[in-house]
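Chains as they are written, first to last, in this note's numbering: chain R, 1 to 222; chain H, 223 to 327.
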């Protein structure tokens with residue numbers, strides 16, 4: 001018997017992602033999915049952001065790593081709520097993991113939820129976790145051709161953070177090249193060059209977060 | 223998913239499954255074949271074939287409306303053949319991963 005079917009292979013993930021999105025939108029929570037290679041500074045960016053904006057927003061974090069709760073502990077040290085997911089070998093988070101992590105958080109009054117994905121520029125891009133936006137992170141200690149090598153992330157992300165700019169004098173990273181390729185893939189990409197270590201450039205990133213969160217509220221009232 | 227669909231039609235043995243995937247979907251055919259072989263082993267579907275069909279990338283230029291494409295991610299960074307625009311190509315096809323056809327007994 002021949003059976004024509006049209007079913008999205010990732011439909012289970014996408015259905016759950018929509019549920020997560022509904023759940024968060026019902027509470028006006030802005031959800032951001034942070035994606036980068038290992039060591040680009042996702043946790044450092046969160047630590048700075050959670051400390052610096054603690055007076056402005058209530059924030060929560062879902063940490064994804066293969067092993068250890070080191071990152072959740074680092075983030076929790078800032079006073080923010082954090083829950084760790086250990087994928088035990090899995091290379092990305094999916095919407096079901098995020099949904100189960102949400103059960104462990106107290107979402108009352110939360111304004112922004114950060115989902116720190118497993119360090120990987122490939123599969124995390126394919127799996128919708130129910131976020132409002134993906135944020136691509138890279139650091140100047142990496143190659144400036146990352147956007148060229150991993151185009152889908154930069155094509156889909158709303159914002160790109162270029163971290164560790166305090167190291168620029170010591171590395172051969174060509175900022176213009178990285179920017180040019182990223183924008184080629186996504187002309188509306190917002191780019192923030194910053195250093196979590198020195199604090200340079202963080203202000204613009206914070207303004208963007210404020211704007212994105214305000215946009216989320218308007219989306220609800222509108 | 224295939225088991226669900228064939229059971230709905232009172233079939234018990236899968237003979238073939240076709241998955242159509244976009245060239246931007248990040249799917250590795252060898253890897254999927256390998257997994258497929260692994261999951262059907264020792265089941266009623268042991269003889270089933272997996273057919274993978276790659277759908278080329280189709281892009282639309284938001285400025286002049288030209289439709290163009292290619293077989294790989296490189297198409298995203300290719301200027302629009304209509305107006306030369308480098309930026310903002312809209313992906314019309316290329317990211318999908320669809321179970322499109324089954325054969326069963």
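No residue lacks a Cβ here, since even glycine has one placed at the ideal position from N, Cα and C.
For clarity, every value in this text was computed on a predicted model and none was experimentally measured.
Residue pairing of residue 242 of chain H in beta bridges, as defined by DSSP: H/275, H/320. At a cut-off of 8 Å between C-beta atoms, residue 283 of chain H does not count as an interface residue with respect to chain R. Judged by beta-carbon spacing, residue 162 of chain R lies beyond the 8 Å limit of residue 134 of chain R, meaning their Cβ atoms are not closer than that value.
Residue 7 of chain R: not part of any alpha helix (DSSP H); member of the beta strand (DSSP E) spanning 2-8, first to last residue.
Residue-level contact check: residue 288 of chain H does not touch chain R, since none of the beta carbons of chain R fall below 8 Å from its beta carbon. Within the region 150-179 of chain R, those residues whose Cβ lies closer than 7 Å to any Cβ of chain H are, in chain order, 151, 152, 155. Here residue 293 of chain H is exposed: its Cβ has fewer than 16 other Cβ atoms, across all protein chains shown, within 10 Å. Taking a beta-carbon distance threshold of 8 Å, residue 67 of chain R does not count as an interface residue toward chain H.
Three or more Cβ pairs closer than 8 Å define a contact, and the region 312-326 of chain H meets that threshold against the region 2-12 of chain R. Inter-residue distance for residue 233 of chain H and residue 226 of chain H is about 10 Å (C-alpha atoms, whole angstroms). Three or more Cβ pairs drawn from the region 12-29 of chain R and the region 76-95 of chain R lie within less than 8 Å of each other, which places the two stretches in contact. Taking 8 Å as the CB threshold, residue 102 of chain R stays off the interface with chain H.
One finds 299, 308, 309 in chain H with Cβ atoms closer than 7 Å to the Cβ of residue 184 of chain R, taken in chain order. The count of Cβ pairs closer than 8 Å, one atom from the region 37-49 of chain R and one from the region 250-257 of chain H, stays below three, leaving the stretches out of contact. C-alpha of residue 240 of chain H to C-alpha of residue 224 of chain H: approximately 10 Å in a straight line. Against chain H, the CB of residue 1 of chain R has a partner CB under 8 Å away; the residue lies at that interface.
Inside the region 61-108 of chain R, DSSP marks whole alpha helix (DSSP H) runs of 4 or more residues at positions 70-76, 95-103, from first to last along the chain.
Contact check for residue 114 of chain R against residue 53 of chain R fails: the beta carbons are separated by 8 Å or more. Not one beta carbon of chain H lies nearer than 8 Å to the beta carbon of residue 38 of chain R.
Within the model, the alpha-carbon separation for residue 58 of chain R versus residue 131 of chain R is close to 17 Å. Taking 7 Å as the cut-off between beta carbons, the residues of the region 240-255 of chain H near chain R are 241, 246, 248, in sequence order. For residue 258 of chain H, the three-state secondary structure derived from DSSP is helix. Nearest CB-CB separation between residue 4 of chain R and chain H: below the 8 Å threshold. Close partners of residue 277 of chain H in chain R (Cβ separation under 9 Å) are lacking, with about 13 Å as the shortest Cβ gap. When rounded, the separation of the alpha-carbon atoms in residue 279 of chain H and residue 302 of chain H is 13 Å. With respect to residue 209 of chain R, residue 112 of chain R sits close: the two C-beta atoms are nearer than 8 Å.
Taking the CA atoms as reference points, residue 101 of chain R sits about 45 Å from residue 286 of chain H. Within the same chain, Cβ atoms closer than 6 Å to the Cβ of residue 271 of chain H are found at 238, the five residues on either side in sequence being excluded.
For residue 148 of chain R, the number of other beta carbons within 10 angstroms of its own is at least 16, and it is reported as buried.
Counting along the chain, residue 114 of chain R sits inside the beta strand (DSSP E) bounded by residues 112-116.
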